[in-house]
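Q: In the working numbering, the protein residues as written are 17 to 186.
Handing you a structure now.
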């Protein structure tokens, strides 16, 4: 766990630099991003803080749960979520339990789910209904790209690159 924590901290500077591009987005795009609400379920405080900050730098609203039972209550409620990111090893209900529960609810069946864990459980997570399974700590670099892809949004960095190419060609 110490190695995982150190690796996540080491990546934080890169992540913040990557997400800063969203701070200069056009108003219209920022409005779209600010309508996104993500439920993030994580029981490790440093990982929770790091990922939450990273997602909020994109302009997204992030609701957090620190254990599986709290997340079960949230999922069973009426609050809208565009995406769930969760760990597998949680106190109370496990991440796999949460995925199965979400997929059993009509209002949650189509919602994208990302399993973000240090465990080797990709096959189990995908079989339970997760859309993606990313491994900590290395997967933190891919987390934003995966969120954008599952939300059918274009990352700010790609949008900027496309504009630069268009202005250079025109």
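Backbone N, C-alpha and C define an ideal beta-carbon position, used for all residues, glycine too.
These numbers come from a predicted model, not from an experiment.
1. Check for me: the beta strand (DSSP E) holding residue 127 runs from which residue to which?
2. Return the CA-CA distance between residue 79 and residue 52, expressed in angstroms with no decimal places.
3. Where does residue 38 fall in DSSP's three states?
4. Comparing C-alpha positions only, which one of 54, 60, 50, 165 sits nearest to residue 153?
5. Relative to the C-alpha of residue 87, which candidate in 72, 67, 112, 136 has its C-alpha closest?
6. With distances taken between CB atoms, is the gap from residue 105 to residue 130 smaller than 8 Å?
7. Can you round the beta-carbon distance between residue 116 and residue 144 to whole angstroms, since I take them to be within the 8 Å contact cut?
8. By Cβ distance below 8 Å, which residues in the same chain neighbour residue 158 in space, the five residues on each side in sequence not counted?
9. Who pairs with residue 133 in a beta bridge, going by DSSP?
10. Considering Cα atoms alone, identify which of 67, 58, 98, 121 is closest to residue 109.
11. Assign residue 93 to one of two classes, buried (16 or more other C-beta atoms within 10 Å of its C-beta) or exposed (fewer than that).
12. Suppose you measure from the CA of residue 155 to the CA of residue 91; what does that come to, to the nearest Å?
A: On the basis of the coordinates in this document:
1. That residue, residue 127, is in no beta strand (DSSP E); it is neither H nor E in DSSP.
2. 11 Å
3. Unreliable placement is indicated for residue 38, whose pLDDT of 46 sits below 50; the coordinate value is still reported in the next sentence. The answer is helix: DSSP assigns residue 38 an H, G or I state.
4. 60
5. 112
6. no
7. 5 Å
8. Only 150 meet the Cβ criterion.
9. 151
10. 58 is the residue among 67, 58, 98, 121 whose C-alpha sits nearest the C-alpha of residue 109.
11. exposed
12. 25 Å
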